[in-house]
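Residues are numbered in our numbering as their position in the sequence shown, beginning at 1, plus a constant of 3. By construction, the Cβ of each residue, glycine as well, lies at the ideal position given by its N, Cα and C atoms. Notes to accompany the following structure.
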Amino acid sequence: MLAQTDFLTERDGQPVAVENADGRSAVVLVCEHASLRLPEAVGTLGLSDDALSSHIAWDPGALAVSRLMSTSLDAMLIYQRFSRLVYDCNRPPESPAAMRDVSEVFRIPGNENLSEQEKVARTQALYFPFQNRIRDELEARASRGQPAVLVTVHSFTPVYFGKPREVEIGILHDTDSRLADRMLAAAADTSLYRVERNEPYGPADGVTHTLELHALPNGLLNVMIEVRNDLIEDEVGQGVVADFLTGLLRESLQQPE
């Protein structure tokens, strides 16, 4: 069994990546489910190639959209470099959803009957470095007097447990709905996408952890964006969605408090 300090190898590299660190925008983009990569220590988790490339492993298209938004907005982007199958960085360590042994219809054999030591090793290697980096970047901005707006970017599957989802873009929020309200108002007249509040998930589903951890205690404007992943399967779709979301954010952030 690996000690927690040995969970990631030198070949694995760091768990968190930051792009456009000197971005001038107030927006700080976060992508918790950016990657389908697995650390060497877990092998394939007993899953097939199809499962390992599916939405249970990552949020397809979310990183690509985040990168386009980062460029358009000149915004910092922070993302997790490993699959949520190993640790879902949008969940706290005490959550059963942090290291699932079942995701939708898929059993995850490599996550079954994890010991406490194994759970701690994953948490120390993946969750804390990721969330601590977000904290550190936001604190650095605050110390410089630079404003921060926390925006997390996700994608979701068009069919879940056999049920089609009609919503195309979800604008999610926890107890602070200021930015979400503005974005929903800005999107009200669009015919491009079906945009809904707190769909296909909401705070009751435990999906706003990153916002709760960093934005709510510090009074930062914040929002979680969910995009149906069939809309961002290719570069064209990714570009159109990124332009749409960038426009919503720009318009919303220009409004007075």
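Cα-Cα separation between residue i and residue j, rounded to whole angstroms
{"i": "residue 255", "j": "residue 189", "result": "7 Å"}
{"i": "residue 219", "j": "residue 160", "result": "28 Å"}
{"i": "residue 215", "j": "residue 136", "result": "15 Å"}
{"i": "residue 144", "j": "residue 31", "result": "10 Å"}
{"i": "residue 82", "j": "residue 194", "result": "31 Å"}
{"i": "residue 330", "j": "residue 107", "result": "This structure cannot speak to residue 330, because the chain is shown only from 4 to 260."}
{"i": "residue 52", "j": "residue 258", "result": "46 Å"}
{"i": "residue 115", "j": "residue 109", "result": "12 Å"}
{"i": "residue 239", "j": "residue 118", "result": "44 Å"}
{"i": "residue 67", "j": "residue 241", "result": "7 Å"}
{"i": "residue 228", "j": "residue 105", "result": "24 Å"}
{"i": "residue 3", "j": "residue 226", "result": "Because the chain in this structure spans residues 4 to 260, residue 3 falls outside the shown range and cannot be described."}
{"i": "residue 211", "j": "residue 191", "result": "23 Å"}
{"i": "residue 243", "j": "residue 54", "result": "28 Å"}
Residue nearest to residue i in terms of C-alpha spacing, selected from the options
{"i": "residue 38", "options": "30, 25 and 20", "result": "20"}
{"i": "residue 89", "options": "200, 169, 209 and 121", "result": "121"}
{"i": "residue 245", "options": "70, 35, 36 and 41", "result": "70"}
{"i": "residue 47", "options": "36, 60 and 35", "result": "60"}
{"i": "residue 233", "options": "187, 248 and 168", "result": "168"}
{"i": "residue 65", "options": "158, 240, 166 and 210", "result": "158"}
{"i": "residue 77", "options": "230, 238, 237 and 23", "result": "23"}
{"i": "residue 207", "options": "94, 49, 75 and 115", "result": "94"}
{"i": "residue 113", "options": "49, 231 and 239", "result": "49"}
{"i": "residue 18", "options": "251, 217, 187 and 127", "result": "127"}
{"i": "residue 209", "options": "74, 104, 91 and 165", "result": "91"}
{"i": "residue 155", "options": "72, 242, 171 and 196", "result": "72"}
{"i": "residue 187", "options": "102, 75 and 251", "result": "251"}
Whole-Å CB distance - residue i paired with residue j, under 8 Å assumed
{"i": "residue 129", "j": "residue 223", "result": "No, residue 129 and residue 223 are not in contact; Cβ-Cβ is about 24 Å, not under 8 Å."}
{"i": "residue 213", "j": "residue 33", "result": "6 Å"}
{"i": "residue 44", "j": "residue 10", "result": "6 Å"}
Any non-hydrogen atom of the ligand ATP closer than 6 Å to residue i Cβ
{"i": "residue 61", "result": "The ligand ATP is absent from the structure shown, which contains no ligands of any kind."}
According to DSSP, residues forming a beta bridge with residue i
{"i": "residue 20", "result": "82"}
{"i": "residue 34", "result": "82"}
{"i": "residue 227", "result": "155 and 175"}
{"i": "residue 167", "result": "162"}
{"i": "residue 89", "result": "Looking at the DSSP assignment, residue 89 forms no beta bridge with any residue, so it has no partner."}
{"i": "residue 198", "result": "172"}
Any 3 or more C-beta pairs closer than 8 Å across the region 179 to 189 and the region 84 to 98: no
Cβ contact check for the region 142 to 151 and the region 24 to 39: 3 or more pairs under 8 Å: yes
contact_flag[the region 169 to 177, the region 198 to 207] where n(CB pairs < 8 Å) is 3 or more: yes
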